[in-house]
């Protein structure tokens, strides 16, 4: 079975917007000096250590084996350089490969709202509160109740009568229960199925 692609990837979530190539590692190359056969060294950590060796955290690993995967190098970026990563990702239009950051974007955060949330005491990228509501028109106050999702917008308001009506419609249309009689009363109608 031939699994090669004959057309380029056009999904913007899977394409680096600067180079228009799928799955690039611009973020890793920004932070790490990678030379084939040599250790990958974090540029930022090396600069900090060289600038002030006494202030550099002891035990902070910033040099990795030659065959260390980009995923493991990204873990270093996530743990040690998240603010710089967010700045550079926004500035350069990087595809987001850091799982926690990608998930926060999916949940409604932006680079600026992530930075704002991370300034709060005790908040980390792994423990962010729900994304803040945004308001495109600052002259209008934010609504006090959360907006309905598309699923909730189509639901009728709850009542027992409505529940019985929908339940009866379901039972009548889903004619799968045959092994025991089912008795259902609705509006003085007694149904035995």
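Numbering (UniProt numbering), first residue to last: 1 to 193.
The C-beta atom is built at its ideal place from N, Cα and C for all residues, glycine as well.
Query: Residues that DSSP places opposite residue 62 in a beta bridge; Result: None, per the DSSP bridge assignment.
Query: C-beta atoms of residue 98 and residue 78 nearer than 8 Å; Result: yes
Query: For residue 112, the three-state DSSP class (helix, strand or coil); Result: helix
Query: Chain-order list of residues whose beta-carbon lies under 7 Å from that of residue 112 (same chain, five-residue window excluded); Result: none
Query: Where the beta strand (DSSP E) containing residue 40 begins and where it ends; Result: 40 to 42
Query: Residue interval of the alpha helix (DSSP H) (run including residue 73); Result: 70 to 80
Query: Cβ-Cβ separation, residue 27 to residue 71 (assumed contact under 8 Å), whole Å; Result: Contact doesn't hold; Cβ gap of about 12 Å is too wide.
Query: Beta-ladder partner(s) of residue 33, from DSSP; Result: 41
Query: Presumed contact (8 Å Cβ cut-off) between residue 82 and residue 32, rounded CB distance; Result: In fact, because the Cβ distance is near 15 Å, the residues do not count as touching under 8 Å.
Query: Simplified DSSP assignment, three categories, for residue 101; Result: helix
Query: Alpha-carbon spacing of residue 126 relative to residue 159, whole angstroms; Result: 39 Å
Query: Secondary structure of residue 124, DSSP reduced to three states; Result: coil
Query: Within 8 Å, strictly: CB atoms of residue 57 and residue 39; Result: no
Query: Helix, strand or coil at residue 22 according to DSSP, with G and I counted as helix; Result: Residue confidence is low: residue 22 scores 46 on pLDDT, short of 50, so the model does not pin down where it sits. No coordinate-derived value is stated.
Query: Under the three-state DSSP convention, the category residue 96 falls into; Result: coil
Query: Contact under 8 Å by Cβ, residue 104 with residue 128; Result: yes
Query: Residue 123 vs residue 131 beta-carbon contact at 8 Å; Result: no
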